[in-house]
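Beneath this line is the structure, given in structure tokens, with notes to follow.
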Amino acid sequence: MNKTDDRLSIFQSKKRASLAPLNTPIETCKRIKTRYPELPNLFIKRDDMIGPLVWGNKLRKLEYSFAEAIASGCDTVITFGGIQSNHARITAQVARRLGLHCELVLNGDKPTKNTANFLINDLMGVAIHFVQTRQERDLKMNELARQREAEGRKVYKIPLGASDSTGSYGFVNAFQEIVEFEQKSKTQFDYIIHGCSSGGTQAGLVLGKQLFNRDNLDIIGVSADDSVEDITSYIMKAAAPMLKENNLSLEEYKEAIQVDVSQIGDGYGIPTPLSKEAGEAFAECEGILLDQTYTAKGLAAIISKARQGFFKPSDNILFWHTGGTINLFK
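Residue numbers (our numbering): 52 to 381.
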């Protein structure tokens, strides 16, 4: 067994909870070029098609998180996010399916009208605890964990977006789908571009790139809110234990991290002029919906780069649709 095979065996030995079919389609997007002729060859990875009710890419990470929770004998799961967090809602749904108690910590005021993700949380009857700021969420989760453990429960805490070294293995597994597609279709991608915030998706994809020896592939995360330095630190925090486990260089890994901050605009969940335009154009041309927190900003960054001459006309770009379209119904 060579070194690559040995590293892949470490990844492939990781426990997963099988939650939904995950080998989502990769489709071509030709009609969008009638609106933006400067685009190179554009493909889309349809993680918006994962599971019932547009579960999206978070399920990939939660397969590993819940496997670890179950293996450790936990009966309670606690996580956090914003009021309309896809991650929090999907975590609650999975916990209900697996018979685990779930509590959510959400920052912001309780909505006066239940819509989108918050509506589903309410329908499931999960316990929701409100805090005002992002900085309070982790503190509240730890406080709740101590309380529930004092009551005799065994608690598993899932960080924001399941973006730790456990959840991020979900996107190493996803990278394997890309390799299989390339082999079958005889198409090789030059770029994978996706919306990012907590860093777990990119942490897994960059590790996948290294494990599968794809040095000629660039992976670019388009920030929804934070700076290059912050996003990089989130990615490295998630990746560090995985790199140690797979005997990979921290320095080489960090060099492969690319973050685009052109679409942050006024912040998380707030459209930029180009992301609003891109979302509308994609719906009209391709019939695929994009949310304004992640996916529309991801496409906007691709369009912006194409206009600047960043890509060659022959480049193959894989735009990763991470889900989140339920937030169009807020």
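Built from N, CA and C at the ideal position, the CB exists for glycine as well.
Have a look at residue i and residue j and give me their C-alpha separation to the nearest angstrom.
i, j, result
"Glu78", "Ile339", "11 Å"
"Leu149", "Pro103", "15 Å"
"Ile244", "Gly203", "44 Å"
"Cys336", "Ala357", "18 Å"
"Asn264", "Thr376", "33 Å"
"Gly320", "Gln343", "6 Å"
"Gly251", "Thr163", "32 Å"
"Leu379", "Glu114", "26 Å"
"Trp106", "Phe361", "32 Å"
Locate the alpha helix (DSSP H) running through residue i, then write down its first and last residues.
i, result
"Gln183", "Premise fails: Gln183 is in no alpha helix (DSSP H) and is neither H nor E."
"Ser326", "324–337"
Excluding the 5 residues flanking residue i on each side, which residues of the same chain have their C-beta closer than 8 Å to its C-beta?
i, result
"Met52", "Reliability of the predicted coordinates at Met52 is poor, the pLDDT of 44 falling under 50, and the value obtained from them is presented with this limitation in mind. Contacts found: Ser60."
"Lys381", "Gln135, Thr166, Ala167"
"Lys205", "Ser123, Gly124, Cys125, Asp126, Thr127"
Residues in the same chain with beta-carbon distance under 6 Å from residue i, minus the five sequence neighbours each way, listed in chain order, please.
i, result
"Ala146", "Val128, Cys153"
"Phe131", "Val156, Arg188, Met192"
"Ser64", "none"
"Ala254", "Ser219, Ile286, Ala289, Ala290"
"Ala347", "Ser326, Ala329, Gly330, Leu341"
"Asp215", "Ala289"
"Val395", "Residue 395 lies beyond the stretch modelled for the chain, which goes from 52 to 381, so this question has no answer here."
"Ser236", "none"
Starting from the C-beta of residue i, find all residues in its chain whose C-beta is less than 7 Å away, skip the five residues before and the five after it, and write them out in chain order.
i, result
"Lys161", "Phe181"
"Ile238", "It should be noted that the sequence gives Thr, not Ile, for residue 238. Excluding sequence neighbours, Thr238 sits near Asn367."
"Lys363", "Pro91"
"Thr75", "Lys96, Arg97, Asp98, Met100, Ile101"
"Thr85", "Cys336"
Cα-Cα, which of the options is closest to residue i?
i, options, result
"Ile83", "Thr373, Gln253, Ala351", "Ala351"
Tell me where the beta strand (DSSP E) around residue i begins and ends.
i, result
"Tyr319", "Element bounds for Tyr319: n/a, residue is neither H nor E."
"Leu369", "367–372"
"Phe131", "127–133"
Practice task
Starting from the N-terminal side, write out each stretch of the alpha helix (DSSP H) that is 4 residues or longer and does not extend beyond the stretch 138–214.
Solution key: Segments of the alpha helix (DSSP H) lying fully in the stretch 138–214: 167–175, 186–201.
Exercise for the section: Taking only runs that begin and end inside the stretch 87–129, name each unbroken alpha helix (DSSP H) of 4 or more residues, in chain order. Expected result: Taking only runs of at least 4 residues, the alpha helix (DSSP H) segments lying wholly in the stretch 87–129 are 109–122.
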